[in-house]
Structure formats: structure tokens, C-alpha cells
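**Student:** To get this note's numbering, take the position in the sequence shown, counting from 1, and add 266. Here a beta-carbon is modelled for each residue, glycine too, at the ideal position from N, C-alpha and C.
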Amino acid sequence: MTRLVDRCPLCDASPSRNASAALNLSVCPQCGLGFRTPQPTDQELELIYREAYSDEEVAAGSETMAGTTDSIATQYAGQLSRLEPLSGRRVVDYGAGLGSMSRALSQAGAAVIAVDPFSARELRKQGIDAHDTLRALPGEELYDGCTAIEVFEHLRAPWETMAEIRSVLRPGGFLLITTPNIQGLKPRLALDSWSEAVDQAHLFLFSPKSLELALDEAGYSRWKRLRGPVKFSSGGAANAARAVLQITGLDGQLRYIAWS
């Protein structure tokens with residue numbers, strides 16, 4: 267493990283609150299950001315990802331790689347299109363995984379370029395224009411928007427990546443984010459058993475306040491939290507209960523759209 271982090275990596279508040287010693291998770295008392303302390307080393311993270319994102323798992327379409335399903339991605343694209351028409355727009359799908367969001371954006375009429383260091387090769391086999399990194403995007407053209415579905419919780423400095431994404435967006439271009447919500451009902455009641463906190467590859471767990479602070483630090487001009495219901499399962503009762511949590515902002519996921 268790397269050194270202990272005794273100040274918030276985002277807002278620099280101190281001291282942080284040890285929310286779960288078992289999970290090496292602290293929470294900032296000021297902005298609400300959850301973060302691992304100590305942070306795993308690069309070697310430890312490499313081992314986690316090597317096991318979860320092997321070539322065999324990518325080729326087989328492993329659930330670990332999926333991140334989201336085609337059904338959920340279609341709902342995200344539908345909500346996005348009500349705020350930002352997608353037809354004819356050039357959109358980057360950052361952290362594309364197995365390509366569910368890329369396909370949903372394409373079906374909505376967008377010209378999609380996927381970015382994912384683990385699955386780019388497999389996505390190209392599917393006919394998706396895919397690259398390993400943002401720096402590998404062709405030319406110096408700016409894009410109309412970007413999606414980042416369940417990505418930022420995995421990154422060493424997610425606010426820096428948000429700024430890097432903003433640099434490839436045209437003025438007024440959008441960024442759609444989904445990421446776990448550490449202030450949802452489940453983590454408030456049982457943090458140690460919340461799957462998003464148990465996953466040691468999740469280095470940061472955002473609250474609404476900390477995500478908005480990160481967007482501000484990254485230079486975005488405005489943002490909006492999306493609260494429309496998204497169905498994650500086929501069960502009617504489960505979806506109804508989840509819809510109430512989504513509308514009230516107590517579900518386990520943050521969905522935001524931000525503009526450069």
C-alpha cells in the first residue's frame with residue numbers, strides 16, 4: 267500500500283473521517299468524498315485489473331467488463347437525448363467497456379468514438395471506432411460530447427481526467443457521468459456491505475457535493491443532476507422502490523450532465 271492520505275485529495279480538508287477501517291475507506295467531512303487510505307499501489311491495481319479484465323474475459327463479454335447493459339445504456343441515451351440531441355453529433359464514449367453505451371449512442375444517431383485501454387481491440391473487431399486513450403483520438407478536432415459510465419471511481423485523479431475530457435470538447439460540449447453515490451441510502455445504512463465500497467478498484471466514491479466540486483475544479487461551466495428513473499432489473503417491485511430512491515436522490519448512483 268502507498269502512504270496514508272490524511273487530507274481530502276479534492277478539497278484538502280482535514281482531518282478526514284475513517285468511515286470503514288475494514289475497507290480502508292475515509293470520508294471527507296467537508297465535501298463528502300470517499301477515498302481509500304492508504305491508496306493501493308500501481309502494482310496492486312494492476313493485479314486487480316489483470317484478473318478482472320483479461321483478454322479472455324473481454325473476448326467472452328464478461329459481466330465484470332460490462333459495467334452496464336444494453337438496456338440500461340439505452341435508457342441513459344434516452345435521458346441524454348432529451349437534453350442534448352444526439353443525431354449527427356460526434357460523441358466520445360470514455361471507458362467504453364464492452365460497448366453498450368457506444369451502441370446506444372450510435373442507435374440514437376451519434377457518430378461514436380470509444381476509448382478504453384482494456385477493450386479497444388475487441389471493440390474494433392465489432393466495428394466500433396475505438397482507441398486506447400484520449401491522446402490517441404485522431405486529429406485535433408473537438409467533440410460535441412462525451413459519456414463516462416461508471417468510470418471516475420476507478421481513476422487516480424478523476425478531476426484531472428474530467429479536465430482532460432473537457433479539453434477535447436467544443437465550447438458548450440457535454441459530459442454525461444454515472445458513478446456510485448456514497449450518500450445513497452444503502453451506504454448510509456450499511457457501508458461495509460455496499461458492493462461499490464467493497465470493490466477495492468473503486469478509489470473514490472463521490473457525494474453530490476464532491477462531484478460538483480470536481481466538475482468545477484475541472485473547468486466545467488454548469489451541470490445538472492439527472493433524477494429520472496432508470497430500470498436496472500426486470501422486477502416490478504424492485505424497480506418501483508428504486509425509482510423512489512432515484513427521484514429523491516437516495517439511490518446508489520449519481521447521474522450528472524455537465525457542460526464545458
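Based on Cα-Cα distance, which residue from Leu389, Ala456, Ser366 and Arg401 lies nearest to alanine 414?
**Tutor:** Ser366
**Student:** Hey, would you say leucine 291 sits closer than 7 angstroms to alanine 463, going by beta carbons?
**Tutor:** yes
**Student:** Leaving out five residues before and five after cysteine 274 in sequence, what residues of the same chain have Cβ atoms less than 8 angstroms from its Cβ?
**Tutor:** Taken in chain order, the residues that qualify are Ser280, Ser282, Cys294, Gln296, Cys297, Leu299 and Phe301.
**Student:** Can you tell me whether arginine 521 is buried or exposed? The criterion is at least 16 other CB atoms within 10 Å of its CB, across all chains shown.
**Tutor:** buried
**Student:** From the DSSP output, which residues share a beta bridge with arginine 521?
**Tutor:** Thr444
**Student:** Taking all protein chains shown into account, do 16 or more other C-beta atoms lie within 10 angstroms of the C-beta of serine 309, making it buried, or fewer, making it exposed?
**Tutor:** In the sequence on display, residue 309 carries glutamine and not serine. So glutamine 309 ends up on the exposed side.
**Student:** Could you say if the region 476-488 and the region 425-435 meet the contact criterion of at least three C-beta pairs nearer than 8 angstroms?
**Tutor:** yes
**Student:** Buried or exposed: which applies to asparagine 447, given that a residue is buried once 16 or more other Cβ atoms fall within 10 Å of its Cβ?
**Tutor:** buried
**Student:** Judging by CA-CA distance, which residue of Tyr409, Leu455 and Leu421 is the nearest neighbour of glycine 438?
**Tutor:** Tyr409
**Student:** Output yes or no for whether 7 angstroms exceeds the beta carbon distance between valine 496 and glutamine 341.
**Tutor:** yes
**Student:** My parser needs the beta strand (DSSP E) runs of 3 or more residues fully inside the region 414-477; what are they?
**Tutor:** 435-446
**Student:** Please state the DSSP three-state secondary structure of arginine 302.
**Tutor:** strand
**Student:** Given a threshold of 16 other Cβ atoms within 10 Å of its Cβ, counted over all protein chains shown, does proline 453 qualify as buried or as exposed?
**Tutor:** buried
**Student:** Answer with buried or exposed for serine 368, where buried requires no fewer than 16 other C-beta atoms within 10 angstroms of its C-beta.
**Tutor:** buried
**Student:** Is the beta carbon of phenylalanine 472 sitting closer than 7 angstroms to the one on threonine 514?
**Tutor:** no
**Student:** Compare the Cα-Cα distances from glutamine 519 to each of Ala503, Arg488, Trp460 and Leu479 and report the closest residue.
**Tutor:** Trp460
**Student:** Identify whether tyrosine 486 lies in helix, strand or coil by the three-state DSSP scheme.
**Tutor:** coil
**Student:** Which same chain residues, not among the five before or five after alanine 370, have their C-beta less than 6 angstroms away from its C-beta?
**Tutor:** Ala339, Thr340 and Ala343
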